[in-house]
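Undergrad: Structure in structure tokens, see below.
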Amino acid sequence: MDIQERARRQHREMCDARARGKSAYKRGDNAAERTHKQEAIAHKSTMDQLNMRAAEMIFKQKNKGLKEGMVDFHGLHVREAVRYAKQELESASRRDDEVVRFIVGKGLHAEDGQAKIRPALEELCNERGLTYSLDPRNAGVLIVQVG
């Protein structure tokens with residue numbers, strides 16, 4: 018079983034523990050509610066650790082061999098992509114880069130077909146007052162002006 022599948026299993030177990038906790042609360046069984054709540058917290062912690070390890074592996078694999086100033090976010094969750102984007106923006110600033118290119122994809126692999134990472138990175142750029150545009154040759158690449 019791969020890391021992402023293990024994380025999904027922890028998510029299911031966390032949800033199940035929360036449901037058992039709610040059921041115990043409704044029955045007035047406070048001790049069982051606390052126990053299930055602690056189980057859910059433990060599953061969430063494990064899930065978060067697994068997701069972080071998976072993100073690191075995916076990020077390294079996708080970005081191996083890419084030029085500085087270009088980052089591929091395929092395969093990452095939005096929160097993970099934003100974390101890596103922040104790191105790259107800081108690195109690009111230290112390198113005095115003019116632009117960074119974020120490969121965000123077009124959302125074609127998203128469950129609903131809607132891009133998730135690009136809007137999150139656009140919001141990040143807006144928060145930081147950075148100018149950005151889509152690459153006219155590839156709508157799956159966000160070009161961010163950093164210098």
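Counting along the sequence shown from 1, when you hit position 140 you're at 157 in the numbering used here, and nothing is skipped either side.
Just so you know, even glycine gets a beta-carbon here, dropped at the ideal spot from N, CA and C.
Just so we're clear, the structure is a prediction, and the values are computed from it rather than from any experiment.
#1: Based on the DSSP output, what are the partners of Asp129 in its beta bridges?
#2: Using the three-state DSSP reduction, which class does Arg118 fall into: helix, strand or coil?
#3: With Ile120 and Phe90 assumed to form a contact (beta carbons below 8 Å), what rounded beta-carbon distance in angstroms separates them?
#4: Taking buried to mean at least 16 other C-beta atoms within 10 Å of its own C-beta, is Asn68 buried or exposed?
#5: Rounded to the nearest angstrom, how far is the Cβ of Leu147 from that of Leu159, given a contact under 8 Å?
#6: Could you give the first and the last residue of the continuous beta strand (DSSP E) run that contains Leu151?
#7: Looking at the structure shown, is Leu83 part of a helix, part of a strand, or coil, going by DSSP?
#8: Using only CA atoms, which one of Leu83, Gly92, Ala98, Gly130 lies nearest to Ala137?
TA: According to the data block:
#1: Here residue 129 corresponds to residue number 112 of the sequence shown, with the count starting at 1. Asp129 is not bridged to any residue.
#2: Here residue 118 refers to the residue found at position 101 when the sequence shown is read from its first residue. Strand at Arg118.
#3: Stepping through the sequence shown from its first residue, residue 120 is reached at position 103. Stepping through the sequence shown from its first residue, residue 90 is reached at position 73. Rounded, the Cβ-Cβ distance is 6 Å, consistent with contact.
#4: Residue numbering aside, residue 68 sits at position 51 when the sequence shown is read from its first letter. Buried, because 16 or more other Cβ atoms sit within 10 Å of the Cβ of Asn68.
#5: Position 130 of the sequence shown, counted from the start, is the residue given in the question as residue 147. Position 142 of the sequence shown, counted from the start, is the residue given in the question as residue 159. No, Leu147 and Leu159 are not in contact; Cβ-Cβ is about 10 Å, not under 8 Å.
#6: Here the question's residue 151 lines up with position 134 in the sequence shown. Looking at the DSSP string, the run of the beta strand (DSSP E) that includes Leu151 is 148-152.
#7: Your numbering for residue 83 matches position 66 in the sequence shown. Correct three-state label for Leu83: coil.
#8: Locating residue 137 in the sequence shown gives position 120, counting from the first residue. With distances taken between Cα atoms, Ala137 lies closest to Ala98.
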